[in-house]
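To keep things clear, I will list the structure first and then write my remarks on it.
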Amino acid sequence: MTEATLIQPDELMPHAKRAASIVEELDRILLGRHELHRLVVTGILARGHILLEGVPGLGKTALAKALGDILSLELKRVQFTPDLMPGDILGTNILQESDGGGARRLVFQQGPVFANILLADEINRASPKTQSALLEAMQERAVTLLGITRPLPDPFFVMASQNPIEFEGTYPLPEAQIDRFLFKLQVSNVDVDVLDEIISTRRRGEAPAPRARVTHAELQQIFATVDRIYLPKAVSRYIARLVAATHPDGPEHTEHVAKYVSLGASPRAAIALAEAGRAEALLSGRPTVGFDDVRRVAHAVLDHRFILGYRGRVDGITTKQIVDDLLASIDETGVRLPEGVSV
Amino acid sequence: MQDIDSAVRGTRRRIAAVLALRRLLVDEGRWFLLWGLGALVSRVLGGSARWAFLLGLAGAGLIAISAIERGIRSAPPVRSLLALFDVRMHAGGLAAASADVSLGAWTLPPAAPPPVRWDARRPLLLLVGAAAFVAGAHLIPIRSAASRRPLELGADAKRIEGKIEVLEQEKILTPDRAEALKQTVEELKATAEGDDPAKAWEMLDAVEDSVSKSAASAAEEAIRNGEALAQIAAMSSMPDMANAVRQASENPSLMPGVDAKSATMAQLGAAAQRGQASLRDKLAKMAAKGMIDPKSLNKFDSATSQAARDELAEYLRNHKGQSQQGQMARGGRGGVDRGRGDAPLFFGEETKSADEKFRDMPIPPAAEAALEQSDVIGQSAAEPDKTLQQRSRGGALAAGTGSGSAWRTTILPRHRGSVARYFERSK
Numbered sequence: 029m030t031e032a033t034l035i036q037p038d039e040l041m042p043h044a045k046r047a048a049s050i051v052e053e054l055d056r057i058l059l060g061r062h063e064l065h066r067l068v069v070t071g072i073l074a075r076g077h078i079l080l081e082g083v084p085g086l087g088k089t090a091l092a093k094a095l096g097d098i099l100s101l102e103l104k105r106v107q108f109t110p111d112l113m114p115g116d117i118l119g120t121n122i123l124q125e126s127d128g129g130g131a132r133r134l135v136f137q138q139g140p141v142f143a144n145i146l147l148a149d150e151i152n153r154a155s156p157k158t159q160s161a162l163l164e165a166m167q168e169r170a171v172t173l174l175g176i177t178r179p180l181p182d183p184f185f186v187m188a189s190q191n192p193i194e195f196e197g198t199y200p201l202p203e204a205q206i207d208r209f210l211f212k213l214q215v216s217n218v219d220v221d222v223l224d225e226i227i228s229t230r231r232r233g234e235a236p237a238p239r240a241r242v243t244h245a246e247l248q249q250i251f252a253t254v255d256r257i258y259l260p261k262a263v264s265r266y267i268a269r270l271v272a273a274t275h276p277d278g279p280e281h282t283e284h285v286a287k288y289v290s291l292g293a294s295p296r297a298a299i300a301l302a303e304a305g306r307a308e309a310l311l312s313g314r315p316t317v318g319f320d321d322v323r324r325v326a327h328a329v330l331d332h333r334f335i336l337g338y339r340g341r342v343d344g345i346t347t348k349q350i351v352d353d354l355l356a357s358i359d360e361t362g363v364r365l366p367e368g369v370s371v
Numbered sequence: 008m009q010d011i012d013s014a015v016r017g018t019r020r021r022i023a024a025v026l027a028l029r030r031l032l033v034d035e036g037r038w039f040l041l042w043g044l045g046a047l048v049s050r051v052l053g054g055s056a057r058w059a060f061l062l063g064l065a066g067a068g069l070i071a072i073s074a075i076e077r078g079i080r081s082a083p084p085v086r087s088l089l090a091l092f093d094v095r096m097h098a099g100g101l102a103a104a105s106a107d108v109s110l111g112a113w114t115l116p117p118a119a120p121p122p123v124r125w126d127a128r129r130p131l132l133l134l135v136g137a138a139a140f141v142a143g144a145h146l147i148p149i150r151s152a153a154s155r156r157p158l159e160l161g162a163d164a165k166r167i168e169g170k171i172e173v174l175e176q177e178k179i180l181t182p183d184r185a186e187a188l189k190q191t192v193e194e195l196k197a198t199a200e201g202d203d204p205a206k207a208w209e210m211l212d213a214v215e216d217s218v219s220k221s222a223a224s225a226a227e228e229a230i231r232n233g234e235a236l237a238q239i240a241a242m243s244s245m246p247d248m249a250n251a252v253r254q255a256s257e258n259p260s261l262m263p264g265v266d267a268k269s270a271t272m273a274q275l276g277a278a279a280q281r282g283q284a285s286l287r288d289k290l291a292k293m294a295a296k297g298m299i300d301p302k303s304l305n306k307f308d309s310a311t312s313q314a315a316r317d318e319l320a321e322y323l324r325n326h327k328g329q330s331q332q333g334q335m336a337r338g339g340r341g342g343v344d345r346g347r348g349d350a351p352l353f354f355g356e357e358t359k360s361a362d363e364k365f366r367d368m369p370i371p372p373a374a375e376a377a378l379e380q381s382d383v384i385g386q387s388a389a390e391p392d393k394t395l396q397q398r399s400r401g402g403a404l405a406a407g408t409g410s411g412s413a414w415r416t417t418i419l420p421r422h423r424g425s426v427a428r429y430f431e432r433s434k
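First to last, the protein sequences are chains A and B.
Just so we're aligned, residue 29 is where the first sequence starts under my numbering, counting upward by one.
Just so we're aligned, residue 8 is where the second sequence starts under my numbering, counting upward by one.
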């Protein structure tokens with residue numbers, strides 16, 4: 029039996045540097061949000077969809093555009109409104125006359141979802157029917173219309189944004205859809221120094237063009253490298269324990285979970301943690317997923333996958349606090365020693 | 008610093024040693040508690056303390072082997088320790104992955120084995136306490152529940168034996184009888200059991216009762232003998248002896264006889280007095296031992312006292328010729344509480360029945376009005392005949408169904424007007 033070998037440094041490092049360069053380029057184009065850029069790239073490398081939450085004017089759309097530009101990916105933007113119909117996103121069949129005249133046939137007209145990156149601005153303004161139209165696209169990366177399933181371009185990502193302060197005329201995303209987002213990232217304000225730099229270097233807020241772009245082939249190679257990042261059994265065990273502990277009846281649940289959480293994270297959350305951990309390890313130039321990688325993406329993956337009970341809402345508890353509590357209480361190694369013995 | 012494999016192995020050995028030692032202390036502590044308990048129970052039930060000790064020792068050995076084996080087995084697996092090193096070294100999963108895959112060109116930095124800490128105070132305290140318990144269970148004196156529990160009769164037996172000795176010394180009991188009673192008491196002392204104290208106490212009471220009866224009988228006899236001896240002593244000094252002496256003094260030829268008689272009587276008197284003293288001494292001893300009632304001693308003194316006899320003689324002289332019938336013939340004052348049955352009866356303060364008048368009692372207005380509505384059916388000094396009133400209970404209706412005795416019919420007041428008009432219509 030041949031023992032498996034980790035991806036070797038000479039195979040890993042070029043792609044790791046290329047992936048890191050995407051973050052660097054984003055940092056150069058959009059100022060002052062390194063952690064956000066790193067997590068966005070992590071999510072993209074893990075082939076996940078990303079939900080950006082923040083007030084208007086923070087650069088969510090600019091981030092998506094810059095990312096599409098750097099990755100040489102086709103980006104289409106849809107402004108979600110209450111009267112937006114599924115066909116407006118997915119596409120529709122239209123009756124078309126042939127060139128010779130006389131013959132008419134139904135021709136499928138692709139919607140904006142047929143792109144590499146779909147920027148769904150203010151996704152929570154669309155009706156649930158229209159929101160649900162994205163379910164298959166996000167999960168299966170395909171669109172089925174009139175019994176015909178059409179695959180979406182590879183890669184395909186949804187980058188959605190939602191405004192957390194305007195609730196009038198909005199439709200909160202259903203749990204099934206919000207669970208399909210790999211990350212939910214909070215876009216916060218930047219500090220004074222960054223604002224000063226933006227004003228000084230960005231006339232009319234226009235972002236500079238990227239210096240280097242990642243080609244489609246390079247991106248596919250990076251994806252392939254991410255797939256070869258090894259997830260050690262101890263780390264996968266830690267991920268499983270962490271996700272199980274989010275359930276009030278889980279084996280290692282904390283007091284906060286038992287008190288405030290009504291429904292914990294789904295198995296999709298565990299998969300997301302593993303995949304995001306792989307992407308994070310690649311960005312760090314390592315061939316294995318470490319415990320720190322899991323901890324680094326834990327908030328982005330888990331924060332939006334809890335359903336808090338009424339006590340949590342009454343006490344003003346956030347899912348971030350729950351995750352912090354879990355990360356602090358669960359021992360990564362799983363070494364169980366009797367009382368009085370410690371290492 | 009050393010490579011991660013040797014560091015992990017060394018750490019695992021140290022953890023295993025600590026866990027084995029901890030398990031050893033805890034298990035031995037628990038076993039010692041059981042051992043001590045078992046030893047206590049065994050000793051109480053009369054089992055062999057030596058066997059309990061040996062069995063406990065053997066058990067302790069087996070427990071030690073088992074505890075060490077379990078402790079070593081409970082050491083964390085290498086995979087978990089690699090994960091531990093991974094976290095400590097911030098190895099990014101490389102150390103954890105080295106358990107599953109070959110690292111190839113990737114290298115891990117030298118590892119520093121973490122210290123293994125153990126707070127052994129509680130298990131040590133448990134073990135020391137349990138060991139002390141085992142030692143105590145084997146060493147403290149204990150009375151076996153299976154052995155006989157003797158009944159402590161020493162004080163009572165000694166008291167009864169003292170009584171027997173007194174009775175034997177005073178020759179109230181024969182030596183054989185006294186020896187037999189002593190033997191009985193000794194056997195009781197040896198065989199009496201705490202499980203059945205009533206039996207022993209009953210037998211001891213029977214012996215003491217026998218001794219007390221002998222003593223009481225001897226006391227009665229001593230009183231009787233004392234009384235006889237007192238009489239003999241009194242006779243030795245009778246007046247005729249004095250007369251004989253006086254006659255002998257007038258007639259010297261009688262002197263030898265008088266001397267002889269006098270000497271004999273003196274000897275007799277002295278002997279009687281010694282006998283009395285001896286009897287009193289005997290009674291005093293028995294009273295001191297509690298065998299007889301102390302009043303028996305007073306009774307003896309009264310019976311043998313010269314003063315008592317003199318008092319009786321004086322009384323008889325004063326009441327010479329007076330019989331008991333004469334005393335009774337004098338009569339009493341009469342009445343139940345004023346004399347005997349033959350006392351005369353006395354009658355006085357008889358009830359006056361003549362010239363007595365009844366006092367007038369006014370009738371209340373309501374009762375007077377009721378009388379006006381009533382009929383007089385007769386007068387009698389005796390209680391009214393209620394049967395007549397009971398017959399009238401049927402009222403006017405009863406007249407038609409009556410026995411035909413019209414005079415018995417009572418007309419109700421509300422019908423009286425109708426009846427009067429009927430009889431007056433001819434007018």
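Idealized CB from N, CA, C, for every residue including glycine.
Only a predicted model underlies this, so the values are computations on that prediction, with no experimental measurement involved.
Contact set between Ile22 of chain B and chain A, taken where Cβ atoms lie within less than 8 Å:
Leu365, Val369, Val371
Report the rounded CA-to-CA distance for Leu291 of chain A versus Leu147 of chain A, giving the unit in angstroms.
29 Å
Proximity below 8 Å, CB of Ala440 of chain B to CB of Thr361 of chain A
Because chain B spans 8 through 434 in this model, residue 440 of chain B falls outside it and cannot be assessed.
Positions along the segment 122-148 of chain B whose CB lies within less than 9 Å of some CB in chain A
Pro122, Val123, Arg124, Trp125, Asp126, Ala127, Arg128, Arg129, Pro130
Buried or exposed: Val25 of chain B, going by 16 or more other Cβ atoms within 10 Å of its Cβ?
buried
Any Cβ of chain B within less than 8 Å of the Cβ of Pro315 of chain A?
yes
What does Gln211 of chain A pair with, by DSSP beta-bridge criteria?
Residue identity differs from the one stated: residue 211 of chain A is Phe in this sequence, not Gln. According to DSSP, which records beta bridges pairwise, Phe211 of chain A is partnered with A:Ile78.
Quick one, are the C-beta atoms of Thr70 of chain A and Ala304 of chain A less than 8 Å apart?
yes
Please identify the residue among A:Thr253, A:Lys287, A:Pro183 whose C-alpha is closest to the C-alpha of Arg314 of chain A.
A:Thr253
Go through the segment 263-302 of chain A residue by residue and report every complete run of the alpha helix (DSSP H) that reaches 4 residues or more, in order.
283-288
At the 8 Å Cβ level, is Trp108 of chain B part of the contact set with chain A, yes or no?
Note on residue identity: the sequence assigns Val, not Trp, to residue 108 of chain B. Chain A contact via Cβ: present.
Spatial neighbours of Val141 of chain B within its chain, please: C-beta separation below 6 Å, excluding the five flanking residues on both sides.
Phe39, Trp42, Gly43
Would a C-beta distance cut-off of 8 Å place His77 of chain A and Val186 of chain A closer than the cut-off?
yes
For the alpha helix (DSSP H) that contains Ala162 of chain B, what are its first and last residues?
161-176
Helix, strand or coil at Asp149 of chain A according to DSSP, with G and I counted as helix
strand
So with CB distances below 9 Å, who are the chain B contacts of Ser312 of chain A?
Gly99
Does any C-beta atom of chain A lie closer than 8 Å to the C-beta of Ala85 of chain B?
The question names Ala, yet the displayed sequence has Val at residue 85 of chain B. No, its Cβ sits nowhere closer than 8 Å to a Cβ of chain A.
Cα-Cα separation, Gly54 of chain B to Thr198 of chain B
23 Å
Nearest-angstrom beta carbon gap, Gly87 of chain A and Leu134 of chain A [assumed within contact, 8 Å]:
Between Gly87 of chain A and Leu134 of chain A the Cβ distance is about 41 Å, and since that is not below 8 Å, they are no contact.
Flag this pair as yes or no: are the beta carbons of Ala328 of chain A and Leu213 of chain A separated by less than 8 Å?
yes
List the residues that DSSP assigns as beta-bridge partners of Ile372 of chain A.
Outside the shown range of chain A (29 to 371) lies residue 372 of chain A, about which nothing can therefore be said.
For Leu270 of chain A, would you say it is in contact with chain B, using Cβ-to-Cβ distances shorter than 8 Å as the test?
no
In chain E, which residues lie with their C-beta within 8 Å of the C-beta of Val94 of chain B?
No chain E appears in this structure, whose protein chains are A and B.
Skipping 5 residues on each side, what residues in its chain have a beta carbon closer than 7 Å to that of His145 of chain B?
Ala46, Ala56, Phe60
Measuring only between beta-carbons, confirm whether Ala67 of chain B sits less than 8 Å from chain A.
no
According to DSSP, is Lys296 of chain B part of a helix, a strand, or is it coil?
coil
Beta-carbon separation of Glu35 of chain B and Ala74 of chain B under 8 Å?
yes
If we define contact as Cβ-Cβ less than 8 Å, is Pro279 of chain A a contact residue for chain B?
no
For my contact list, Leu32 of chain B and Leu134 of chain B are in at a C-beta cut-off of 8 Å; report their separation, rounded to the angstrom.
5 Å
Taking the continuous beta strand (DSSP E) assigned at Met187 of chain A, which residues delimit it?
185-190
Just to confirm before moving on: does the CB-CB distance between Ala355 of chain A and Thr347 of chain A stay below 8 Å?
Note that residue 355 of chain A is Leu in the sequence shown here, rather than Ala. Cβ atoms of Leu355 of chain A and Thr347 of chain A: not closer than 8 Å.
With contact counted as at least three CB pairs below 8 Å, one residue from each stretch, are the segment 274-285 of chain B and the segment 217-224 of chain B in contact?
no
Checking contacts by CB at 8 Å: is Trp42 of chain B closer than that to chain A?
no
Report all residues from its chain with a CB closer than 6 Å to the CB of Gly407 of chain B; omit the five preceding and five following residues, and keep chain order.
Confidence in Gly407 of chain B is poor, its pLDDT being 41 and thus under 50, which makes the residue's placement too unreliable to answer from.
C-alpha gap between Leu130 of chain A and Thr172 of chain A, whole angstroms:
Per the sequence shown, the amino acid found at residue 130 of chain A is Gly instead of Leu. Straight-line Cα distance between these residues: approximately 29 Å.
Check Glu52 of chain A in the structure and name its three-state DSSP category.
helix
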